[in-house]
Every structure is written in C-alpha cells, then in structure tokens.
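Everything below concerns the one structure shown next.
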Amino acid sequence: MEHEPESARGRAGVPREKYSYPAAGAGATDPPALHADGGVPPGRGPATRRIGALLLAAGGWLLLAPFALSYSAAVATASDVIAGGLLAAVALAALVAPARMRWLGLVAAALGAWVVLAPFVLFYAARTAGDDAVWNDLVVGTVVVVLGLFGALTRRRA
Numbered sequence: 017m018e019h020e021p022e023s024a025r026g027r028a029g030v031p032r033e034k035y036s037y038p039a040a041g042a043g044a045t046d047p048p049a050l051h052a053d054g055g056v057p058p059g060r061g062p063a064t065r066r067i068g069a070l071l072l073a074a075g076g077w078l079l080l081a082p083f084a085l086s087y088s089a090a091v092a093t094a095s096d097v098i099a100g101g102l103l104a105a106v107a108l109a110a111l112v113a114p115a116r117m118r119w120l121g122l123v124a125a126a127l128g129a130w131v132v133l134a135p136f137v138l139f140y141a142a143r144t145a146g147d148d149a150v151w152n153d154l155v156v157g158t159v160v161v162v163l164g165l166f167g168a169l170t171r172r173r174a
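Each number in the working numbering corresponds to the 1-based position in the sequence shown with 16 added.
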C-alpha cells in the first residue's frame, strides 16, 4: 500500500474524494462549502466573503445612521432604514447563497444607487443642505454601488 500525503486524507484517516461539479442543467445540487481537497469552490473565496461582510456592515450602518447622526428629515430616516434593512438582507443572502447567484451583487448595487439618489429624488437634499443625512447617503451609497458591482462582475478563478 502506497503512503498518501497527510493532506490527501480526511478525518479518521479516510482518503478524501475529489469533488467534481455536475454538468449544467443536469439537476445539479449546490457544491459543498469546501472542496474535498480543502480548496474553496469558485466564487466562495475570501474576497467574496469580505464583500458580503462589508455590504452587511453598510446595511447595518444605514439602519443605525438616522439615529446616530440625528437626521432632521423624517423621509431621510425612512429611506435609510428601509434601504439599510434591504441591503442587510441581500448581504446575508449573498454570504450564504451559492456562487452562481451573482445577481445579488447587482441588487446591492441598485440599492446603493437608490441611497445616492434618494436625497435628490425625495428632496431632502435641498431642505437640509449640509445635513449629515445627505453626505452619509452619498458616501455610503457610492461605496455600496462599487462593492455590489465588484461582487457581481468578478469571478474567482478556480
């Protein structure tokens, strides 16, 4: 019997099986969180997890910002709380979703675009010029757009 390297053996000394992805459309199930050889499947690498975590943090901030920054416009508070809750839900889904669900990044980018445009669409930029709500929405919304597009348009190479 040949001696196998330690990395080729799983728990209890049982040799690991290589995971192969089934053909597209063949009723394939989702791949495991990790390949049997210890690698990470495409789209589930550390960069993808970091983007999801940053989007989750941005969603949490949008939920809390109206209260932390004492927004003067009620419509700004409502917009940020709703957008923040939706963004947090999308970010959580992106963290646990299969790699093929890249469209969640586009949803996050669309929410970020709304956050950037909301001060002007809902007219609280003109009424509260210089207010923290406007600057917060412009900065956080831009970051969310960039992260969402990056997460949706990049693929980790296998």
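Beta carbons: idealized from backbone N, C-alpha and C, even for Gly.
What separation, rounded to the nearest whole angstrom, lies between the Cα atoms of residue 93 and residue 156? Take the alpha-carbon of residue 93 and the one of residue 156: they are about 14 Å apart.
Can you give me the start and stop residues for the alpha helix (DSSP H) that residue 153 sits inside? 148-169
Would residue 93 count as contacting chain C if we go by Cβ distances under 7 Å? Although the question refers to chain C, the structure presented lacks it and comprises just one protein chain.
Exposed or buried, which one is residue 130 when buried takes at least 16 other CB atoms within 10 Å? Counting the other CB atoms within 10 Å of its CB gives residue 130 a total of 16 or more, which places it among the buried residues.
Below 8 Å on the Cβ atoms is my guess for residue 124 versus residue 137; work out the distance and round it to an integer in Å. About 19 Å separates the two Cβ atoms, so there is no contact after all.
Quick check on the burial criterion: 16 or more other C-beta atoms within 10 angstroms. Buried or exposed for residue 169? Exposed is the call here.
On the criterion of 16 or more Cβ atoms from any shown chain inside 10 Å, does residue 48 qualify as buried, or is it exposed? Legend: pLDDT at residue 48 = 49, less than 50; position of this residue unreliable, value from coordinates given subsequently. Residue environment analysis places residue 48 among the exposed positions, since fewer than 16 neighbouring C-beta atoms fall within 10 angstroms of its C-beta.
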